[in-house]
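See structure below.
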Amino acid sequence: MSGNPAVVMRLVASAYAMAEKAGAIVRRVLQSGELGIVEKTGANDLQTLADRLVQHSICASLSKSFPKITIIGEEDLPEEAVKEDLIESGQSEDILQKSCPAEYSALKEEELVVWVDPLDGTKEYTEGLLDHVTVLIGIAYGGKAIAGVINQPFFNYQLGAESADMGRTLWGMPGLGAFGFELQEVPDGRRIVTTTRSHSNKLVTDTVDAMEPHDVIRVGGAGNKIIQLVEGKASAYVFASLGTKKWDTCAPEAILHAVGGKLTDMHGSALCYDANVKHMNSAGVLATLRNHQYYASRVPQSVLQALKP
1 MSGNPAVVMR LVASAYAMAE KAGAIVRRVL QSGELGIVEK TGANDLQTLA DRLVQHSICA
61 SLSKSFPKIT IIGEEDLPEE AVKEDLIESG QSEDILQKSC PAEYSALKEE ELVVWVDPLD
121 GTKEYTEGLL DHVTVLIGIA YGGKAIAGVI NQPFFNYQLG AESADMGRTL WGMPGLGAFG
181 FELQEVPDGR RIVTTTRSHS NKLVTDTVDA MEPHDVIRVG GAGNKIIQLV EGKASAYVFA
241 SLGTKKWDTC APEAILHAVG GKLTDMHGSA LCYDANVKHM NSAGVLATLR NHQYYASRVP
301 QSVLQALKP
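Under full-length UniProt numbering, residue 309 is the last one in the sequence shown; the count climbs by one each step, no gaps.
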């Protein structure tokens with residue numbers, strides 16, 4: 001694209017570079033063996049040094065390049081000076097070359113909200129389930145997720161620490177498409193549900209059962225589950241419970257919507273990503289690549305009554 005790229009394209013191009021840097025930080029902390037784990041609300045809600053460093057890196061980098069945007073990060077961290085080596089000022093040239101969808105071309109910095117999850121799947125990270133781990137940067141306008149960047153720091157980690165192919169970054173924008181992966185679908189007629197690994201309860205299991213799946217995959221990380229949908233490993237992500245927050249779903253939703261999928265709460269209502277919205281997705285999450293209506297129609301009435309938006 002010639003001339004001056006639209007603000008939102010510059011923001012996505014920057015978020016891509018920041019996500020790549022974040023992936024390198026996450027790998028470096030793991031390699032050091034000093035994870036710096038603290039419990040936030042309990043054993044299933046952890047924070048590591050990687051969470052803290054990545055949030056500082058992304059939020060400080062965003063603030064420096066885009067001082068008027070609203071940034072909401074998962075970790076509640078004290079204000080402190082961020083070291084220069086954590087600041088990322090680069091941008092993806094590939095993204096800058098793409099044409100901005102017309103509806104977003106005139107957006108201003110101050111109209112955009114960025115939701116940051118510095119390390120999605122922290123518990124899995126501490127347990128060595130490295131393929132579950134992602135870094136999420138979601139961009140919202142008017143309450144809708146309009147762009148998302150997901151870094152998988154340990155993509156291909158099975159190839160060994162010296163592999164040059166470790167890690168990858170996916171991104172997408174409704175109206176433009178999604179990039180960094182190959183879109184695949186579960187074979188016709190197969191219902192494979194992906195759901196929580198460590199936060200299950202009766203509401204979750206009742207809902208999963210009601211979908212009559214042929215198979216159920218239990219893994220960590222909301223970002224990871226959406227990647228399963230777009231790569232044909234699962235047909236629905238079902239989480240009929242409290243637990244996920246807006247920073248878990250904003251980036252994945254944008255990528256899913258960019259390829260024709262859908263993410264809603266268990267009632268089939270859209271999630272809102274305004275700056276002042278409550279952070280908890282209190283009515284659960286239902287995401288599909290295709291046939292959203294089938295899955296939404298199977299949610300038990302008792303679950304809908306228990307999960308109020």
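The beta-carbon is built from N, C-alpha and C at its ideal position, and this holds for glycine as well.
None of these values were measured; they are calculated from a predicted model.
{"Check": "Assign L119 to one of three DSSP states: helix, strand, or coil.", "Outcome": "strand"}
{"Check": "Based on the DSSP output, what are the partners of K68 in its beta bridges?", "Outcome": "DSSP output for K68 lists no bridge partner at all."}
{"Check": "In angstroms, rounded to a whole number, what distance separates the CA positions of A106 and Y125?", "Outcome": "39 Å"}
{"Check": "Taking the C-alpha atoms as reference points, what is the distance between M1 and M280?", "Outcome": "Unreliable placement is indicated for M1, whose pLDDT of 42 sits below 50; no coordinate value is reported for it."}
{"Check": "Suppose contacts are defined by Cβ-Cβ distances below 8 Å. Is V299 in contact with A240 by that definition?", "Outcome": "yes"}
{"Check": "By alpha-carbon positions, which one of L203, Q91, A287 and E182 ends up nearest to C250?", "Outcome": "A287"}
{"Check": "Please classify A102 as buried or exposed, where buried requires at least 16 neighbouring CB atoms within 10 angstroms.", "Outcome": "exposed"}
{"Check": "Identify, in the order they occur along the chain, each residue of the same chain with its Cβ nearer than 7 Å to the Cβ of T244, setting aside the five sequence neighbours on each side.", "Outcome": "A222, N281 and V285"}
{"Check": "Along the chain, which unbroken stretches of the beta strand (DSSP E) at least 3 residues long are found entirely within the stretch 11 to 71?", "Outcome": "38 to 42 and 45 to 47"}
{"Check": "If you reduce the DSSP assignment to three classes, tell me which class K246 lands in.", "Outcome": "helix"}
{"Check": "Which ranges does the beta strand (DSSP E) cover as unbroken runs of at least 3 residues, wholly within the stretch 193 to 267, from first to last along the chain?", "Outcome": "215 to 219, 236 to 239 and 262 to 264"}
{"Check": "Can you say whether A270 is buried or exposed, counting buried as having 16 or more other CB atoms within 10 angstroms of its CB?", "Outcome": "exposed"}
{"Check": "Where does the unbroken alpha helix (DSSP H) through Q293 begin, and where does it stop?", "Outcome": "H292 to R298"}
{"Check": "Would a C-beta distance cut-off of 8 Å place V303 and T207 closer than the cut-off?", "Outcome": "yes"}
{"Check": "Does residue 311 come out as helix, strand or coil in the three-state DSSP assignment?", "Outcome": "It is not possible to answer for residue 311, since the shown part of the chain is limited to 1 through 309."}
{"Check": "So, for G180: in the same chain, excluding its five sequence neighbours on each side, which residues have a beta-carbon less than 7 Å away from its beta-carbon?", "Outcome": "R168, T169, L170 and W171"}
{"Check": "Exposed or buried, what is Q228 when buried is set at 16 or more other beta-carbons lying within 10 Å of its beta-carbon?", "Outcome": "buried"}
{"Check": "Exposed or buried, Q55, counting other C-beta atoms within 10 Å across all chains shown (16 or more means buried)?", "Outcome": "buried"}
{"Check": "What does a CB cutoff of less than 7 Å around A60 pick up in its chain, not counting 5 residues either side in sequence?", "Outcome": "V82, L86 and I87"}
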